[in-house]
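For our numbering, count along the sequence shown from 1 and bump the result up by 354. Ideal Cβ placement from N, Cα and C applies to all residues, glycine included. Remember, it's a predicted structure, so these values are computed and weren't measured experimentally. Please read the structure below before turning to the comments.
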Amino acid sequence: MKKSQSRNPLFALAGHKPPRCEGGFTLIELMIVMTIILILIGIAAGNYQRSVLRSREAVLKQDLQEMRKAIDNFTMDKQAAPQSLDDLAPQYLHVIPVDPITNSKDWVPVVDSVVLTPDQASSGITDVHSASDKVSPFENTPYNTW
355 MKKSQSRNPL FALAGHKPPR CEGGFTLIEL MIVMTIILIL IGIAAGNYQR
405 SVLRSREAVL KQDLQEMRKA IDNFTMDKQA APQSLDDLAP QYLHVIPVDP
455 ITNSKDWVPV VDSVVLTPDQ ASSGITDVHS ASDKVSPFEN TPYNTW
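Written as structure tokens, this is what we have:
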């Protein structure tokens with residue numbers, strides 16, 4: 355008598371062979387695992403997209419701060435505000451940065467007649483904003499108002 359039949363005498367009495375135990379997974383088990391994996395991938399992709407957007411926003415804030423500082427330095431040194439953002443490069447900015455939201459150098463300069471110093475001879479650019487019309491999902495403010 356076979357070893358498996360000796361364990362279960364009902365198979366021996368009924369004349370049936372014992373069921374074979376094969377080392378595999380059923381289709382439902384594989385589908386459950388695949389579903390779990392897809393859910394985890396979806397969560398990871400969402401987190402990745404949020405991280406990328408937060409990074410772009412941080413770069414935008416830093417670029418705006420650097421350009422505003424360069425505008426102020428230019429105005430103080432030359433006693434005149436810059437007439438275009440290109441006036442800032444290469445002395446005050448290495449290069450005009452790319453807007454990380456629009457992926458282009460399409461900044462919106464604010465031209466104002468306000469003078470920053472009493473010695474300032476002419477008006478010009480006093481501020482700069484992003485050209486994007488999108489709204490930050492984290493701060494709920496338009497990028498072009500930063």
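Spatial distance of residue i from residue j (CA atoms)
| i | j | result |
| --- | --- | --- |
| T380 | V413 | 50 Å |
| N494 | R408 | 13 Å |
| L439 | G396 | 42 Å |
| Q433 | A475 | 6 Å |
| T456 | N498 | 11 Å |
N-terminal and C-terminal residue of the alpha helix (DSSP H) that residue i is part of
| i | result |
| --- | --- |
| V413 | L381 to K432 |
Exposed unless 16 or more other CB atoms sit within 10 angstroms - verdict on residue i
| i | result |
| --- | --- |
| M355 | Residue confidence is low: M355 scores 49 on pLDDT, short of 50, so the model does not pin down where it sits. No coordinate-derived value is stated. |
| P444 | exposed |
| P472 | exposed |
| A398 | exposed |
| P330 | In the structure as shown, the chain begins at 355 and stops at 500. Residue 330 is therefore absent and cannot be evaluated. |
For residue j and residue i, believed in contact at Cβ under 8 Å, the rounded distance
| i | j | result |
| --- | --- | --- |
| S477 | D466 | 6 Å |
| A485 | W461 | 6 Å |
For residue i, the first and last residue of its enclosing beta strand (DSSP E)
| i | result |
| --- | --- |
| D466 | V462 to D466 |
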